[in-house]
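Peer 1:
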Amino acid sequence: MTTKEMDAAYIAHTYGRNDIVADHGKGAILTDEEGREYVDFTSGIGVNCLGYCDDGWVQAVCRQAATLSHVSNLYYSRPMAELAKLLCEKTGCQKVFFGNSGAEANEGAIKAARKYSFDHYGKGRSTIVSLKNSFHGRTTTTLSATGQEVFHQFFDPFTEGFVFVEAGDLAAASAAMDETVCGVMVEFIQGEGGVVPLEKEYVQALAGLCRERDILLIADEVQTGVGRTGTFLAQEQFGVRADLTTLAKGLGGGLPIGAVLFGEKTAETLGLSQHGSTFGGNPIACAGGIEVMHRLDEAFLAEVREKGEYLKEKLAALPHVEGVTGLGLMLGVTLGDGLTAREVVAACHKRGAMFLTAKEKIRLLPPLVITREEIDRGAAVLEQVLKEA
Ligand SMILES: *Cc1c(COP(=O)(O)O)cnc(C)c1O
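Okay, so the sequence shown: first residue is 0 according to numbering that gives the first Met the number 0, each after it adds one.
Dropping the structure here:
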């Protein structure tokens, strides 16, 4: 049985797969089962920040797997404590909770926001204001927090207590932030929504309203975090500090891990037995995370910003390109002349370069270690496809 046949026979059909069977990879290059190479501008949707099978990462993960692969959170273990220390030192947060995914991290942040409010104000202050066109995950509650109607089907009843306002409309946010509200949840760049950045002034004003009303600012940095936008957290570039920040995708460098970062207000909000996760803080996943943290120093992040600018300029100069949005190595390309991103990306796959789409845009989330040569090689594929379109 081929991989495709086995997949069709045994995997639930929830994904429309691209026609590539991944076999192995190194850096920004993926090789399929037939030995064809692809320059990867997807990195597993922002996961493989150090690329495929980075030497240091492989070593760290293998060493940990051979030492202590898993132990319950009922016991202490070094890797999770160390990763939490590195995260606090890097971001200024006070405490960390580890889970396994972005959705799980957001669930933790939502619970923490409601608990903070309960502790200080009692019941009835549990609503979370979220933005239209946002994406926060696939669990029932994170779907409820997601501001796109297409996600609010089939699975009723959804979790109550979410209201949605237009991104950028401060008056609407202010009106929604009444005495029933405990948190405001934002992505600084809406990723799945089409690589749509928020305005800096809007974000700062929103953070100001949160402070005045003791409403928690919840930053979903599952996609924008861990160096993706050229700073460790995207919020650094927006000049705000969230009360709760969630991370996942890039944090383990390719292993499943999610984290809630608690700021000063929320550091002690979740108490004994009030939250948990069997796999959360798994030593192997944390060993991957520690390697990522060690590698993402200031010089590395400056490189991400420079390569991001380089890639952005290259993309903007391609035929049929109407605009490029995003920061660092999180970019979205708007096509004109009736071209559809989906078709262009499919054509690129046939010629040896992998891209994502988000809404009507081509989306790029290359590994942060991608070289200028690899950028040139992949952009040349896109250029050829666009020229012939
Ligand atoms: C991917 C993503 C999630 C969900 O993460 P999972 O690991 O798939 O649960 C949540 N929020 C944002 C902003 C994301 O990009």
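Cβ atoms here follow ideal geometry from the backbone N, Cα and C, with glycine treated the same way.
Computed from a prediction, not measured in an experiment: that's the story for all the values here.
Say the cut is 7 Å; is the CB of R137 nearer than that to a heavy atom of ligand 1?
Peer 2: yes
Peer 1: At which residues does the beta strand (DSSP E) containing Y14 begin and terminate?
Peer 2: Unbroken run through Y14: none, as it is neither H nor E.
Peer 1: What's the gap between the Cα of Q152 and the Cα of L330?
Peer 2: Answer to the nearest angstrom: the Cα atoms are 29 Å apart.
Peer 1: Would you check if the distance between the CB atom of G91 and the CB atom of R240 is smaller than 8 Å?
Peer 2: With respect to R240, G91 sits close: the two C-beta atoms are nearer than 8 Å.
Peer 1: Among the residues of its own chain, which have a CB less than 7 Å from the CB of E165, if the five just before and after it don't count?
Peer 2: K131 and A171
Peer 1: How big is the Cα-Cα spacing for E159 and E235?
Peer 2: Approximately 31 Å, taken between the alpha carbons.
Peer 1: From what residue to what residue does the beta strand (DSSP E) around V162 run?
Peer 2: F161 to V164
Peer 1: Within the chosen definition, does the region 106-126 reach the region 74-87 through at least 3 CB pairs nearer than 8 Å?
Peer 2: Between the region 106-126 and the region 74-87 there are fewer than three inter-stretch CB-CB distances shorter than 8 Å, so the stretches are not counted as touching.
Peer 1: Excluding the five sequence neighbours on either side, which residues of its own chain have a C-beta within less than 7 Å of the C-beta of K199, listed in chain order?
Peer 2: F237 and G238
Peer 1: So, using beta-carbon positions, are L169 and L216 closer together than 8 Å?
Peer 2: no
Peer 1: Go ahead and label F261 buried or exposed: buried means 16 or more other beta carbons lie within 10 angstroms of its beta carbon, across all protein chains shown.
Peer 2: buried
Peer 1: Since E32 is in the beta strand (DSSP E), which residue starts that stretch and which ends it?
Peer 2: First-last for E32: undefined, no H or E at that position.
Peer 1: Using the C-alpha atoms, what's the distance from H23 back to P196?
Peer 2: Cα to Cα, P196 sits roughly 33 Å from H23.
Peer 1: Quick check: does the Cβ of V202 come within less than 7 Å of any heavy atom belonging to ligand 1?
Peer 2: no
Peer 1: DSSP three-state label for Q58, please.
Peer 2: helix
Peer 1: Rounded to whole angstroms, how far is the Cβ of L208 from the Cβ of M176, which I believe are closer than 8 Å?
Peer 2: 6 Å
Peer 1: Measuring CA to CA, which of E312, A315, L314 and A298 is closest to L367?
Peer 2: Comparing Cα-Cα distances from L367 to each of E312, A315, L314 and A298, the minimum goes to A298.
Peer 1: Given a threshold of 16 other Cβ atoms within 10 Å of its Cβ, counted over all protein chains shown, does L73 qualify as buried or as exposed?
Peer 2: Its Cβ having fewer than 16 others within 10 Å, L73 is exposed.
Peer 1: Ends of the alpha helix (DSSP H) at T140?
Peer 2: That run of the alpha helix (DSSP H) goes T139 to A144.
Peer 1: Buried or exposed, going by whether 16 or more other CB atoms sit within 10 Å of the CB of S125?
Peer 2: buried
Peer 1: Which partner residues of T339 appear in the DSSP bridge assignment?
Peer 2: Paired residue(s): none; T339 is not in a bridge.
Peer 1: Measuring alpha carbon to alpha carbon, tell me which residue in G251, V259 and V291 is nearest N281.
Peer 2: When each option's Cα is compared against that of N281, the closest is G251.
Peer 1: Flag N281 as yes when its Cβ comes closer than 7 Å to any non-hydrogen atom of ligand 1, and as no otherwise.
Peer 2: no
Peer 1: Rounded to the nearest angstrom, what separates G249 and Q189 at their Cα positions?
Peer 2: 16 Å
Peer 1: Is F134 near ligand 1, with its Cβ less than 7 Å from a heavy atom?
Peer 2: yes
Peer 1: How about the region 334-349 and the region 55-72: do they share at least three Cβ pairs that are nearer than 8 Å?
Peer 2: no
Peer 1: Taking G15 as the reference, give the member of T356, K311, K306 and P255 with the closest Cα.
Peer 2: T356
Peer 1: Look up T2 in the DSSP assignment and say whether it is helix, strand or coil.
Peer 2: helix
Peer 1: Is the beta carbon of E359 sitting closer than 8 Å to the one on A388?
Peer 2: no
Peer 1: Under a three-way DSSP split, which group does A21 fall into?
Peer 2: strand
Peer 1: Could you give the distance in angstroms between the alpha-carbon of T140 and the alpha-carbon of V57?
Peer 2: 35 Å
Peer 1: Please determine, among A266, T324 and A284, the residue with the shortest C-alpha to C-alpha distance to V194.
Peer 2: T324
Peer 1: Please report the straight-line C-alpha distance between A284 and R212, rounded to a whole angstrom.
Peer 2: 37 Å
Peer 1: Return helix, strand or coil for G307, following the three-state DSSP convention.
Peer 2: helix
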